[in-house]
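The sequence shown maps to residues 3 to 109 in our numbering.
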Amino acid sequence: MAAAETFEKMLEKGPDSALLRYSLANAYVSDSRESDAIEHLTKALELDEQYSAAWKLLGRCYFEIGDYQNAVNTYQAGVEVADANGDKQAVKEMQVFLKRAKRKLAE
């Protein structure tokens, strides 16, 4: 059974959580299904807006589908959250990705 299927079944059975939504989205990204992942990352952030890894993955998904404006917006918000949480590594990573998204947006 594929990872995405496993997480989909877990979600059907409940309870819902930010970690479960993130895990499902990550499995979708592994299957090159970024558009499907966006829905679950958005829900993960509704459940826990302090989830730095979800911000980072959501930005990546937007970048991969060519939605550079949403990637920039997401990374900017993610950097603020990660910085407020003291998650210095996530801040550094998202700042690099933010620069890439801004360059693409300017092209």
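Where a beta carbon is used, it is the ideal one built from N, C-alpha and C, also for glycine. Note that the structure is predicted; figures quoted are calculated from it, not measured.
Cut-off 6 Å between Cβ atoms - residues of its own chain near residue i, not counting five sequence neighbours on either side
| i | result |
| --- | --- |
| Phe9 | Ser25, Leu26, Ala29 |
| Asp50 | Ala20 |
Span of the alpha helix (DSSP H) around residue i
| i | result |
| --- | --- |
| Glu66 | 54–66 |
| Asp38 | 36–49 |
| Asp85 | 70–86 |
| Ser19 | Premise fails: Ser19 is in no alpha helix (DSSP H) and is neither H nor E. |
| Glu95 | 90–108 |
Close beta carbons around residue i, own chain, < 7 Å, minus the five adjacent residues each side
| i | result |
| --- | --- |
| Val74 | Leu100, Ala103, Lys104, Leu107 |
| Asn72 | Tyr64 |
| Tyr70 | Ala103, Lys106, Leu107 |
Cβ-based neighbour list, residue i, same chain, cut-off 8 Å, excluding 5 preceding and 5 following
| i | result |
| --- | --- |
| Asp18 | Lys45, Leu49 |
| Asp33 | Ala4, Ala6 |
| Ser37 | Cys63, Ile67 |
Whole-angstrom C-beta distance between residue j and residue i, which should lie under 8 Å
| i | j | result |
| --- | --- | --- |
| Leu60 | Leu47 | 7 Å |
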